[in-house]
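Asks:
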Amino acid sequence: MQVELVSPEAVLFSGECSQVVTRTVDGDIAFLDHHAAFIGALDIGQTQLWASDGIVTLALNRGFVEVSNNVVTILSDAAYAADEIDVAAAQADLEAAQAAVAADADDDEAKAALAWAETRIAVASAD
Amino acid sequence: MASGQERILRRRIRSIDATKKITRAMELIAASRIVRAQARVRAARPYSDKVTAVIANLASAGGEADHPLLREPAEVTKVAYVAIAADRGLCGGYNNNVLRATERAIAADAAEGRDYELVLSGRKALGYFRFRDYRIAAGFEGFSDQPSYADAQQVAAAATELFENGCHRVMLAYTQFHSMGNQSVAIVPFMPLDTGELDEADGAESSAGGPEGGYEFEPEPAVILERLLPRYAEARLYSALLEASASEHAARQRAMKAATDNAEELKTNLTRVMNRARQDAITTEIMEIVGGAEALAQTGGAVDLLSDTIEARTADLFRARE
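Here is the structure:
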């Protein structure tokens with residue numbers, strides 16, 4: 067199936083994939099060829115694309131996914147592959163977010179920042 | 019002697035030449051930036067197309083939430099304008115055109131008893147409305163050359179805030195980029211979002227063979243729509259910023275090309291005047307020498323020396339004519 071990963075500023079990935087795994091706000095979901103039409107809101111998490119030249123793992127900071135007619139379109143403001151992630155910056159963000167969450171456990175923004183930092187570190191270190 | 023005038027002219031020519039070099043450089047820079055700006059406009063299109071298509075699909079799948087961004091106001095008593103201009107001048111009428119159009123629209127609204135709010139992008143827009151004592155709700159500057167998505171998010175957030183706090187309508191005033199030689203000022207409705215445009219996108223989608231069955235949604239369509247609509251507003255604002263930026267560079271290139279051409283013409287004319295002044299000076303000088311030589315020849319002294327001088331000055335004269 068055709069997969070398009072689109073950010074507001076550019077098309078980040080476009081190509082054939084055999085499988086796509088991503089995380090909606092309700093949980094992980096996988097798409098194989100000829101998946102039924104689907105629209106979902108994505109959470110902060112990892113997305114994996116089984117491309118012809120190997121598995122691409124990306125850190126996604128929210129977004130949307132649409133599947134129709136064997137085309138998977140992922141819209142995201144921020145999507146980074148492992149080699150695009152600044153681990154030191156992510157680590158710094160992680161510590162700042164941990165401190166913020168510790169100070170106020172109900173701070174949703176801090177929790178999101180924490181999840182985003184963890185995701186980036188996980189993607190970067192998995193490579 | 020007339021060489022004083024010649025010196026003044028020479029100085030003016032040199033200064034015009036320096037100005038010409040600057041305007042020429044600015045023209046070339048603007049020309050190269052248009053190409054880049056156009057590429058960015060193109061690169062941003064897939065995202066905004068996709069977001070529009072997804073919203074259209076959501077809406078047609080019954081996700082038609084009663085979202086404020088989709089609700090047509092019953093009555094409009096306050097309109098917010100988002101005006102996009104440049105940070106810098108030297109681009110012909112680019113800034114003035116869009117800012118005057120905005121001012122006219124505000125005046126037209128005032129005639130119908132509607133109040134206004136202003137969100138401005140670009141230093142020139144801020145200067146223009148501040149000078150005329152308008153109320154400015156929010157101003158942004160520093161990115162008109164190369165707007166990023168984060169910049170668009172800031173401006174969109176300011177517009178959304180006004181929309182949620184008393185403005186019934188938000189209009190977007192910017193310069194549309196049709197081609198290198200064709201840009202036009204447009205004031206288009208921004209919020210509430212144009213549902214007609216969504217229907218259109220929906221039509222295009224279904225003609226391209228929409229989904230066989232209905233969509234599955236995760237989570238509820240209304241929840242997705244809730245999250246998607248702000249993105250749509252941002253994407254539209256982003257593409258307006260990019261188009262305005264491409265238009266700015268095109269306007270600057272045209273203005274600088276005209277300035278370069280004018281400098282060239284001025285230089286040619288002044289050079290002509292300067293040469294004539296120099297020739298006049300030489301002619302006068304030769305007449306004086308010849309007159310003096312004749313007077314001396316009658317008394318019969320220093321003829322050789324004088325004829326040498328005359329030859330040298332005549333050669334000068336012919337060189338100048340060439």
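Chain order of the listed sequences is A and B. Take 67 as the starting number for the first sequence in our numbering and just add one per residue. Take 19 as the starting number for the second sequence in our numbering and just add one per residue. The C-beta atom is built at its ideal place from N, Cα and C for all residues, glycine as well.
So, does the CB of Ala258(B) fall closer than 8 Å to a CB anywhere in chain A?
Replies: Answer no: the Cβ-Cβ gap between Ala258(B) and chain A never drops below 8 Å.
Asks: Touch check for the region 25-42 of chain B and the region 269-285 of chain B: three-plus C-beta pairs under 8 Å?
Replies: Touching, per the Cβ criterion.
Asks: Using only the alpha-carbon positions, how far apart do Asp170(A) and Ala277(B) sit?
Replies: So the two alpha carbons sit approximately 60 Å from each other.
Asks: Can you tell me whether DSSP reads His267(B) as helix, strand or coil?
Replies: DSSP places His267(B) in helix when its eight states are reduced to three.
Asks: Quick one: list the residues of chain A neighbouring Ile242(B), beta-carbon separation under 8 Å, in chain order.
Replies: Within chain A, the residues near Ile242(B) are Ile105, Gly106, Ala107, Phe130.
Asks: Against chain B, does Ala102(A) count as a neighbour if the rule is that its beta carbon must be under 8 Å from one of theirs?
Replies: True, the Cβ-Cβ gap to chain B drops below 8 Å.
Asks: Is the number of C-beta pairs between the region 136-153 of chain A and the region 73-90 of chain A that are closer than 8 Å three or more?
Replies: Taking 8 Å as the limit for Cβ pairs, the verdict is that the region 73-90 of chain A does touch the region 136-153 of chain A.
Asks: Could I get the ranges of all uninterrupted alpha helix (DSSP H) runs contained in the region 123-187 of chain A, with 4 residues as the minimum, in chain order?
Replies: Entirely contained in the region 123-187 of chain A, the alpha helix (DSSP H) runs reaching 4 residues are, in chain order, 153-169.
Asks: Among Ile26(B), Arg60(B), Phe195(B), Met292(B), which one has its Cα closest to the Cα of Val72(A)?
Replies: If we check each option's Cα against that of Val72(A), Arg60(B) comes out closest.
Asks: Name the two residues that bound the continuous alpha helix (DSSP H) containing Gly145(B).
Replies: Element bounds for Gly145(B): 141-149.
Asks: With a threshold of 8 Å between beta-carbons, can Phe195(B) be considered close to chain A, or not?
Replies: Not closer than 8 Å to any Cβ of chain A, the Cβ of Phe195(B) fails to qualify, so no.
Asks: Between the beta-carbon of Ala98(B) and the beta-carbon of Val188(B), is there less than 8 Å?
Replies: Yes, the Cβ-Cβ distance between Ala98(B) and Val188(B) is below 8 Å.
Asks: Going by the beta-carbon positions, is the gap between Ile304(B) and Arg272(B) smaller than 8 Å?
Replies: The answer is no: Cβ separation not under 8 Å.
Asks: So, does the CB of Thr139(A) fall closer than 8 Å to a CB anywhere in chain B?
Replies: Yes - at least one Cβ of chain B is within 8 Å of the one on Thr139(A).
Asks: Give the C-beta separation of Tyr250(B) and Ile73(B) to the nearest angstrom, bearing in mind that I take them to be a contact with Cβ-Cβ under 8 Å.
Replies: Their Cβ separation, rounded to whole angstroms, is 6 Å, which keeps Tyr250(B) and Ile73(B) in contact under 8 Å.
Asks: Could you round the C-beta distance between Ala125(A) and Val189(A) to whole angstroms and report it? I think they count as a contact, below 8 Å.
Replies: Rounded, the Cβ-Cβ distance is 4 Å, consistent with contact.
Asks: How would you list, in chain order, the residues of chain B whose beta-carbon sits under 7 Å from the beta-carbon of Ser73(A)?
Replies: The answer, in chain order, is Tyr65.
Asks: Bridge partners of Met189(B), per DSSP?
Replies: Bridge partners of Met189(B): Tyr99(B), Pro207(B).
Asks: Going along chain A in order, which residues have a C-beta closer than 7 Å to the C-beta of Val72(B)?
Replies: Correct list: Ile105, Phe130, Glu132.
Asks: Within 8 Å of any Cβ in chain B, is that where the Cβ of Thr90(A) sits?
Replies: Yes, because at least one Cβ of chain B sits closer than 8 Å to the Cβ of Thr90(A).
Asks: For His267(B), is the classification buried or exposed, using 16 other Cβ atoms within 10 angstroms of its Cβ as the cut-off for buried?
Replies: His267(B) should be labelled buried.
Asks: Hey, is the region 205-214 of chain B in contact with the region 49-68 of chain B, meaning 3+ C-beta pairs nearer than 8 Å?
Replies: Result no; under three Cβ-Cβ pairs closer than 8 Å.
Asks: Which chain B residues sit within Cβ distance under 7 Å of Ala171(A)?
Replies: None at all; the shortest Cβ gap to chain B is about 24 Å.
Asks: State the DSSP-derived secondary structure class of Ser341(B), mapped to helix, strand or coil.
Replies: Given that chain B is displayed from residue 19 to residue 340, the structure contains no residue 341(B) and the question cannot be resolved.
Asks: Considering Cα atoms alone, identify which of Ile307(B), Glu182(B), Leu76(B) is closest to Pro91(B).
Replies: Pro91(B) has its Cα closest to that of Glu182(B), out of Ile307(B), Glu182(B), Leu76(B).
Asks: With 8 Å as the threshold, decide whether the Cβ of Gly81(A) is near any Cβ in chain B.
Replies: No, Gly81(A) lies away from the interface with chain B (no Cβ there is under 8 Å from its Cβ).
Asks: So who's on the other strand from Gln112(A), going by DSSP bridges?
Replies: Per DSSP, Ala125(A).
Asks: Would you list, in chain order, the members of the region 107-123 of chain B that have their beta-carbon closer than 7 Å to a beta-carbon of chain A?
Replies: Taking 7 Å as the Cβ-Cβ cut-off against chain A, none of the residues of the region 107-123 of chain B qualify.
Asks: Can you tell me where the alpha helix (DSSP H) holding Glu234(B) begins and where it ends?
Replies: Glu234(B) -> not in any alpha helix (DSSP H); beta strand (DSSP E) instead, spanning 234-236.
Asks: Could you pull the DSSP bridge partners for Asp105(B) from this structure?
Replies: Answer by DSSP bridge pairing: none, since Asp105(B) is not bridged.
Asks: Could you give the distance in angstroms between the alpha-carbon of Ile26(B) and the alpha-carbon of Arg290(B)?
Replies: Approximately 14 Å between the Cα atoms of the pair.
Asks: Rank Leu117(B), Gly131(B), Asn280(B), Val173(B) by C-alpha distance to the C-alpha of Tyr152(B) and give the top, closest one.
Replies: Selected option, being the one with the closest Cα: Leu117(B).
Asks: Between the region 167-175 of chain B and the region 190-198 of chain B, do three or more beta carbon pairs fall short of 8 Å?
Replies: No contact exists between the region 167-175 of chain B and the region 190-198 of chain B.
Asks: For Val91(A), does the three-state DSSP call read helix, strand or coil?
Replies: Coil at Val91(A), not helix or strand.
Asks: Val116(B) lies in the alpha helix (DSSP H); which residues open and close that run?
Replies: Per DSSP, Val116(B) belongs to the alpha helix (DSSP H) from 112-129.
Asks: Is the CB-CB distance between Lys96(B) and Gly157(B) below 8 Å?
Replies: Contact flag unset, no.
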